[in-house]
Amino acid sequence: MAAATPPVTSPPGPRKEDARPRLPNGYVMIVVPNDGRDLPASSPPHDGYDGPDKEDEEEEPRATSSLWRPAVLALAALAAVAAGYVCLQYAGGDAAGAAWRLLETREEDGDGRGRRSFLLPLYPKPRRGGATKLASGGDWPHNSTANLFPEGMYYTTVSLGNPPRPYFLDVDTGSHTTWIQCDAPCTSCAEGAHPLYRPAPANLVPASDPLCQRVQHDNPNQCDYDISFADGSSSMGVHVRDNMQFISEDGERENADIVFGCGYDQQGILLNRLENTDGILGLSNRALSLPTQLASRGIISNVFGHCMTRDPSGGGYLFLGDDYLPRWGMTWVPIRDGPADDIRRARVQQVNHGDQQLNVQGKLIQVVFDTGSTYTYFPNEALTKLISSLKAASPRFVQDDADKTLPFCMKADFPVRSVDDVKHFFKPLSLQFEKRFFFSRTFNIRPEDYLVISGNVCLGVLDGTTIGYDSVIIVGDVSLRGKLIAYDNDKNEVGWIDSDCSNPQQSRIPSFLRRALHNQLL
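Numbered by UniProt numbering, the letters in the sequence shown go through residues 1 to 522 in order.
Okay, here's the thing in structure tokens:
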């Protein structure tokens, strides 16, 4: 299918002049009684100056008239300082940016509608017993796509092709490429949730395509992809371009041509993970990720985010574009790509369990927010201190090595049916980032967001060194619930705010009012 024609905007037409008389900027007309008589309604405003009245010349100036002005200015300055403090605190230290985001106007694309946003539902995946081995890292061939983890806890549904057909995709902020199992023909595929996607010859992306040349350099015949995981799993295929259908914020259905992987050869335990889904939705900041493709064509702003309910059996939502991004209350921290895997990371200065510091003083640790990981991973040193702290939390818990649900589990001396029965025994985890304008920036993980109940109490934080990350914290799905997490790829920031994730709210003010305020600021 041919690529979409670039949008063309028409210049605005000439503005009609207002036939009414225009008042000078800042002019205020006040109608007052004149010797008991009102001014005629048809009297124009008097702009001239006839000199002072005789009464005014004879009146002595009052000393108090010059004192109220400095007082008002001082009060205004204090109010500005107070407002700045509140804005900095509630806008995560980016008050000016938050205010501008609130009022910014949409850039128009070819259809004149401007950038918009799309909502996708999130559903919890059926869980299998025991902990799933998650792996990543390794040396990536230059034509491979580095992905952090092959499985998470949530998936979404997308519609592909013409006519559109539904497919279930794992949501993965650590994956650079969206790919789906397909019949091209298929060499090795899992049963999946739906029949295999079948591309037409016209859907194949040629090797000469500029987008292909950004991700591949060694095959002049077709645009391949090859994703490998350190546990031996892999997905191999070819890139295709086809319609993907979205639901905009106003409820309308829209189509966009998207490049994604057509996976015809899956190997390893990845085949077991595709029992209930059909592929992976890549949400990184690379060229082939879904948000980047939409943003590069002016369809959305280069912002996306996700929100997962605290209830593990609940779902949530994924948003593409910034219409569902809260304008106030977000905490933002800078992110950058990793040196080897191009995975977005933020720097943490301190990791605490309650008041106990878990990392070495002065040693910076990098943090990755990854929906493709079921669990959270700590460096070995921090994990060892955390386990020691949990053992000392209460004499009512003892380590139970017989429970293989997760590497570290404890048995209580009372029945444990849910995390609500035990959460009060444990303290929250906190990731403390560098302060901005003297205000702290902390990502808090409550006990119910790192504990897993199996009848025993298990720790949903695993050893990162076993997957090749000895100085990186991976915040997985168990610790991302109950928060709206947003990624601003233009500003290279990640932000968060507590949310029940049950009712997505549009944060933009009406278009006509937003543009009017925007023009006044200019």
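Where is the CB? At the ideal position from N, CA and C, for every residue including glycine. Owing to the predicted nature of the structure, the values given are computational and were not obtained by experimental measurement.
Mind checking residue i: buried by the 16 CB within 10 Å criterion, or exposed?
| i | result |
| --- | --- |
| V240 | buried |
| E275 | exposed |
| S499 | buried |
| S284 | buried |
| R115 | buried |
| R441 | buried |
| D183 | exposed |
| Q505 | exposed |
| Q361 | exposed |
| Q213 | exposed |
| R286 | buried |
| N203 | buried |
| G316 | buried |
| G495 | buried |
| G251 | exposed |
Do you know offhand how far residue i's Cα is from residue j's?
| i | j | result |
| --- | --- | --- |
| V478 | V452 | 9 angstroms |
| E448 | M236 | 38 angstroms |
| L318 | Q356 | 35 angstroms |
| S301 | D413 | 53 angstroms |
| T405 | V457 | 10 angstroms |
| M330 | E434 | 15 angstroms |
| M244 | P126 | 26 angstroms |
| T178 | G279 | 8 angstroms |
| S502 | L119 | 13 angstroms |
| N25 | L73 | Low local confidence applies: a pLDDT of 43 at N25 is under 50, so the model's placement there is unreliable, and no value is given. |
| Y225 | K363 | 37 angstroms |
| S228 | C307 | 28 angstroms |
| P428 | T156 | 30 angstroms |
| L160 | Q293 | 16 angstroms |
| F260 | S373 | 21 angstroms |
| D209 | D401 | 55 angstroms |
| I365 | W332 | 17 angstroms |
| V398 | H194 | 45 angstroms |
| P379 | A200 | 47 angstroms |
| I299 | T465 | 40 angstroms |
| L290 | I258 | 8 angstroms |
| S117 | F246 | 9 angstroms |
| Q181 | F443 | 36 angstroms |
List the residues that DSSP assigns as beta-bridge partners of residue i.
| i | result |
| --- | --- |
| Y167 | V158 |
| L500 | Sequence inspection shows Asp at residue 500; the Leu mentioned does not correspond to that position. According to DSSP, D500 bridges with nothing at all. |
| D477 | Per DSSP, none; premise fails for D477. |
| A412 | F397 |
| Y123 | Y155 |
| S188 | D265 |
| P334 | E493 |
| C182 | Y197 |
| I280 | D170, W179 |
| N444 | S430 |
| I247 | R253 |
| F260 | V240 |
| C307 | Y317, L484 |
| C212 | According to DSSP, C212 bridges with nothing at all. |
What residue from the options has the CA that sits closest to residue i's CA?
| i | options | result |
| --- | --- | --- |
| Y123 | P195, G279, P312, E252 | P312 |
| S430 | D370, G354, M410, F369 | G354 |
| S233 | N489, R273, L120, V472 | R273 |
| L281 | S507, A346, G152 | G152 |
| S507 | F426, Y487, C307, R327 | R327 |
| R344 | H176, N203, Y154 | H176 |
| residue 539 | D172, D403, P199 | Absent from the structure is residue 539, since the part of the chain shown begins at 1 and ends at 522. |
| I474 | R417, N444, I445, D370 | D370 |
| R253 | S418, V158, A402, P407 | V158 |
| S454 | D403, D421, F438 | D403 |
| D242 | T376, K411, V205, G251 | V205 |
| N352 | Q432, S289, V422 | Q432 |
| G263 | P185, F437, Y487 | P185 |
| V238 | V215, A256, Y469, G251 | V215 |
| N359 | V472, W496, Y450 | V472 |
| V461 | I180, D218, A256, I387 | I387 |
| F408 | V422, K423, R446, D463 | D463 |
| Y377 | R310, I445, F437 | I445 |
For chain D, check one thing: does any of its Cβ atoms lie closer than 8 angstroms to the Cβ of residue i?
| i | result |
| --- | --- |
| C501 | No chain D is present in this structure, which holds just one protein chain. |
Below 8 angstroms, how does it come out for the region 386-398 and the region 468-483: are there three or more Cβ pairs, yes or no?
By the Cβ rule, the region 386-398 does not count as touching the region 468-483, because fewer than three pairs are nearer than 8 angstroms.
Sufficient close CB pairs (3 or more, under 8 angstroms) joining the region 159-173 to the region 320-337:
Counting Cβ pairs under 8 angstroms, fewer than three are found: no touch.
Is it the case that the region 313-332 contacts the region 381-392, given that we only count it when at least three CB pairs across the two stretches are under 8 angstroms?
Look at the beta carbons and you see the region 381-392 not touching the region 313-332: under three pairs across the two are nearer than 8 angstroms.
Please determine if the region 487-498 and the region 303-311 are in contact, where contact requires at least 3 C-beta pairs separated by less than 8 angstroms.
With the cut-off at 8 angstroms, the region 487-498 and the region 303-311 touch.
Could you tell me whether the region 186-194 touches the region 262-273, using the rule of 3 or more Cβ pairs below 8 angstroms?
Touching, yes, given that three or more Cβ pairs across the two stretches are closer than 8 angstroms.
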